[in-house]
Amino acid sequence: MTVSTAPEQAPDQPERPDRPGAPARPPLARRLLRDPVVVSGALAVLLWVVAALYSPEFASWGQVVTLLTVASFLGVIAIGQTLVIIAGGEGIDLSVGATATLSAIVASRFMDGSNEGFVVAVLLALGACCVVGVVNAVGVLVFRVPPLVMTLGMIAVVTGFIRLYTGGRPEGSAAPLLRTLVTGDTVAGIPGVLWLWLGLAVLVVWLLRRTSFGWRLYAVGGNPTTAYLSGVNTTAVRFSAYVLSSLFAGVGGMLLLGYAQNVYTSLGTDYMLNSVAAAVIGGTALVGGVGGYLGTVIGAILLTVLDSLLRIMQIGGGEWGDAPRQIIYGVVLIIVLTAYGRQKRLRQ
Amino acid sequence: MDTPPFLRMSGVRKRYGGVTALAGADFEAEAGTVHAVLGPNGSGKSTLLKVLTGVVAPDAGEVLLEGRRLRPRGPRDTLAAGVSAVYQELSLIEEFSVLDNLVLGVEPTRFGLRDTRAARARALPWLERFAPAFGGRVPADERAADLDPGERQIVEICKALVREPRVLVLDEATASLRRAQVDVLFEVVGELRERGVLILFITHRLAEILALCDRATVMRNGADVATVTVGETPERELVELMSGGTPRTPETDTGTTGTAAAGAGSAAPAGARTDASRVRPRAAAAAPGGEPAAAEPLLEVRDLSGDRVDGVSFQVRPGEVLGLGGLQGQGQSELMAILFGARRRSGGTVLLNGRPVHPRSPKQAVRAGFAYVPGNRGAQGLALGRPILENFALPSVGRRAGLGVALSRRREIAAARAVAERIGTRYGSLDDPVSTLSGGNQQKIVVGKWFPTEPVVVLMDDPAKGIDLRAKAEMFAVVAELAAAGAAVVLGASDDRELVEVCDRVLVLFEGRVVDEVSGDRLTEDTLIASSMHIAGRDTGTGHPEATSALPEPDRAPAPAAGTGTGGPAGAPGAADGPAPEPAPSDPGGRA
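Chains A and B are the protein sequences, given in the same order. Heads up: the first sequence is residues 1 to 348, going by UniProt numbering. Heads up: the second sequence is residues 1 to 592, going by UniProt numbering.
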């Protein structure tokens, strides 16, 4: 990613009055090279090709579907993360993992392996998530607790509540309907969860790009003062972002439940940082006001491919367990994110 | 003049983008004097002293201290050379004790460790000297955050003194002080003068200059106009020097007529723009819409008060452009922010079309028909990283959405295009970030984004700050157009010339109050400057000998520093207008 020679238009350069389109735009190729969605997409394909060369079986249709299915849980949970990060103000929601677990646990208890309580279970689970989101939002926006601290604290609260609620042993299991929805009943050879993810992705991209909420969200993240002085209720916008974040985490948790059938208390733990990583890899900047969900989708796929690649290369294992894989995974993350950081600086 | 002067600055030039802050200024001052630097807003006095202190690197020119060339790479170097400055914006670390703040950067050490006792010995005498200003106490161990703004300003002064300067720069250092504190400061300044220290003093209180200063250098348009001995120069003459009232230099004239002429015709893009040709809008105040001059007021403000605004009343008729003049930071920005609901109103009524309105947030104000162009376009007016399209759409995006949510890109683009064309904005693509535009075009978006909301009252805080002449003229054409459409425009400007050109009437504010209203033939730069200095017409009861008596508002508690208290984005409007007359070196990409 060598994009150091950008012909930056000096901001105060005198205008050339005769030209209708005053500032020059960089050429298309360069813009593509700088687009995080394109870059991370290319990187994901590259990793996938490497994996396929290493183990041809990796390129099989079934493997691809499995890979995308695994990515979809991360992708759905990271929806809300993306919204919260875009909303700015150091916005971040670390409690998505715990919220996903909570949702799965509540849903599984009320479903209890049958279809009868399905709707009630879903509504209750989402209701519980909604409460978490509202508490997060109130803490951040009313009591001005930094989002990092607030949502980190919420992890402990939610986890504690889960232990109280389950006594350490979660009960119940997914409704058959949910199971079918997630893994079974494939349309065109693609499991339901991927169709669901596609639908949610279209919805979220539409929400961000073509609704007044989306535009205001970007404006609030880009410059809260400007948004406020333009008559935007910045508090309401950020509030919605936090609540939506918990809701989508809850949806993700239920999908996980449908996939795994049973729940355990650390079901969503891994998604806490991975959802942030997926969003940031996809070009959503932690400063807010920049990014989009398409990038997060790619980011989620990239992370899943990377994880699978390290698994099939059988890095780790034996006496070291997961440790070497984790280290490599972390190092790759840091390298990718550093590359973005550098780009950003060059662009200014 | 055989010996070289103690301090000499010669041929100092500094440009910020398209704006010249200093155009070859010369300056000399002798040790053991109190030397005032005065001039209207934007005359370059603050920049000149920032060049001296090394905060600003000049484009050309040199600084000689005791005949030796000073080439600072930053304030550290000038501090070492003995130049200390006190600025209006506070530089204290709130969580540190007063004592720690005083010795910050010059902490005495012993074997590499901080030597608290030596620090105390060094800083305490100054605090004790200023004890009367702290109400008799010595707040060495108190947290800086716990002091009131005036006390903090005193600490700031002590901080400069602890560095034992040979040149002490006081830039509007008295603005937030109470009378008793000013008295102590003046005593100390007198003592410093005895010890051979050169004190450079910037203030907007002419009375203080007459009371304290030996010499005064008057700046105008980035150059020095004259240096006079204060005791021998009548007040009137000082004001005339500042305004350039008597003999107009050709330099001044080109500036004025250039802008006016550009505003008149050449710059106005073709279109339904006939009103833009009114060179002096006030002459045509009655013209737009054929409204008689005595139309019902559209906006009426009665006794409005709030942070830094003190009982302001005025009326604006439809189609009228009302200017807010006076020195910078006298409550103009705050007044507009209060009207717009971005700052708290503590008293008074606002009538819009005869009905009382009380917006508690910008959102409510927008709904009531207000539009607000904030004073700092980068920090307040634009989301610089977001596309031009979104910035245009922001205030009105909900109005075009289907069912209140769904947007049509085509409709948004059409709306943005229409406005951009109307105000002559030049851009590459509507999807480019606003930061790719020039300052003038950015500012047009800040104004233009309000057009779709069809505002009836437009509040503009220095809309032409830091943009080049051509863009400035276009901006004022937009102002004229808004007024012609029947809106009431309230316009603050740091440049008196702009007010004279654009406004029908100008209110002069001083410390949050309206001290004068200027219109008709009185509306000239001279009158505005004289009024700003608070010595105009009816106020001149106080002659020069006992000038101190004219110090305004003896013991009124000073307004809290801008930006504090209100919290959140609402605090921003005040924080944006520092004392510096320079336009921000408009580099939109620099931050973010």
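All C-beta atoms in this analysis are idealised placements derived from N, C-alpha and C, irrespective of residue type, glycine included.
Run through the stretch 185-250 of chain B for me and flag every whole beta strand (DSSP E) of 3 or more residues, listed as ranges in chain order.
198-202, 215-220, 223-229
Can you list the residues of chain A that Gln380 (chain B) reaches, using a CB-CB cut of under 7 angstroms?
Thr225, Thr226, Leu229
Distance cutoff 9 angstroms, beta carbons only. Does Thr20 (chain B) sit that close to anything in chain A?
no
Nearest-angstrom Cα separation, counted from Ser97 (chain B) out to Leu238 (chain B)
42 angstroms
Which chain A residues sit within Cβ distance under 8 angstroms of Ala342 (chain B)?
Tyr228, Leu229
Given Met272 (chain A) as reference, the closest of A:Gly41, A:Trp206, A:Ala100 once Cα atoms are compared:
A:Ala100
Under the three-state DSSP convention, the category residue 367 (chain A) falls into:
Lying outside 1 to 348, the shown extent of chain A, residue 367 (chain A) is not represented and no answer is given.
Neighbourhood of Thr3 (chain B) by C-beta, 8 angstroms cutoff - its chain only, sequence neighbours within 5 removed:
none
Might you give, ordered along the chain, the residues of its own chain that have their beta carbon closer than 6 angstroms to the beta carbon of Arg169 (chain A), omitting 5 neighbours on each side?
none
Using a Cβ cut-off of 7 angstroms, which residues of the stretch 187-204 of chain A contact any Cβ in chain B, in chain order?
none
Using three-state DSSP, classify Ile190 (chain A) as helix, strand or coil.
strand
Which word fits Ala128 (chain A), buried or exposed, when buried means at least 16 other C-beta atoms lie within 10 angstroms of its C-beta?
buried
Identity of the residue in B:Glu320, B:Ala416, B:Ser305 nearest Pro297 (chain B) by Cα
B:Glu320
Short check: CB of Leu99 (chain B) to CB of Ala119 (chain B), under 9 angstroms?
yes
Keeping to the same chain, check which residues put their C-beta closer than 6 angstroms to that of Arg347 (chain A); ignore five residues upstream and five downstream.
For Arg347 (chain A), the predicted structure reports a pLDDT of 39, less than 50, and the residue's modelled location is therefore unreliable. A value from the coordinates is still provided. The answer is none, since no qualifying residue turns up.
Which residues in chain B sit within 8 angstroms of Phe248 (chain A), going by Cβ to Cβ distance?
The premise fails here: Phe248 (chain A) is roughly 18 angstroms from chain B at the closest Cβ pair, so nothing lies under 8 angstroms.
Pull up the distance between the alpha-carbon of Pro75 (chain B) and that of Val55 (chain B), whole angstroms please.
6 angstroms
Does the separation of the CB atoms of Val189 (chain B) and Leu170 (chain B) fall below 9 angstroms?
yes
Which one of B:Arg470, B:Phe130, B:Val458, B:Pro165 has the shortest CA to CA distance from Asn441 (chain B)?
B:Arg470
Which residue's Cα is closest to the Cα of Val316 (chain B): B:Leu70, B:Glu128, B:Glu66, B:Cys503?
B:Cys503
Am I right that Ala216 (chain B) and Val230 (chain B) are in contact with their C-beta atoms under 8 angstroms? What's the rounded C-beta distance?
5 angstroms
Opening and closing residue of the alpha helix (DSSP H) in which Met313 (chain A) lies
That residue, Met313 (chain A), is in no alpha helix (DSSP H); it is neither H nor E in DSSP.
Please state whether DSSP places Gly255 (chain B) in a helix, a strand or coil.
With a pLDDT of 37 at Gly255 (chain B), under the threshold of 50, the modelled position of that residue is not reliable, and the figure given next carries that caveat. Of the three classes helix, strand and coil, the one that applies to Gly255 (chain B) here is helix, per DSSP.
Residue environment, Phe130 (chain B), which counts as buried when at least 16 other CB atoms sit within 10 Å
buried
For Arg8 (chain B) and chain A, any beta-carbon pair shorter than 9 angstroms?
no
Cβ of Gly565 (chain B) within 9 angstroms of any chain A Cβ:
Only weak support exists for where Gly565 (chain B) lies, its pLDDT of 37 falling under 50; the value from the coordinates is given anyway. Judged by the 9 angstroms Cβ criterion, Gly565 (chain B) is not in contact with chain A.
Could you please give the first and the last residue of the uninterrupted beta strand (DSSP E) stretch that includes Phe370 (chain B)?
370-373
Just verifying my parser: in three-state terms, what is the DSSP assignment at Lys444 (chain B)?
helix
Flag Pro374 (chain B) as yes if its beta-carbon sits less than 9 angstroms from any beta-carbon of chain A, otherwise no.
yes
For Ala29 (chain B), the residue or residues it bridges with in DSSP
B:Leu7
Determine whether the Cβ of Thr233 (chain B) lies closer than 9 angstroms to any Cβ atom of chain A.
no
Counting only Cβ pairs nearer than 8 angstroms, list the residues of chain B close to Gly215 (chain A).
Checking the sequence shown, residue 215 (chain A) turns out to be Trp, not Gly. Neighbours of Trp215 (chain A) on chain B, chain order: Glu390, Ala393, Leu394, Val397, Leu407.
Can you list, in chain order, the residues of its chain with a C-beta nearer than 7 angstroms to that of Ala125 (chain A)? Leave out the 5 residues immediately preceding and following it.
Ser103, Val106, Ala107, Gly250, Met254
Apart from the five residues on each side of it in sequence, which residues of its chain come closer than 8 angstroms, Cβ to Cβ, to Pro125 (chain B)?
none
Which whole-angstrom value is the C-beta distance of Ala371 (chain B) and Leu459 (chain B), which I expect to be below 8 angstroms?
7 angstroms
Simplified DSSP assignment, three categories, for Gly61 (chain B):
strand
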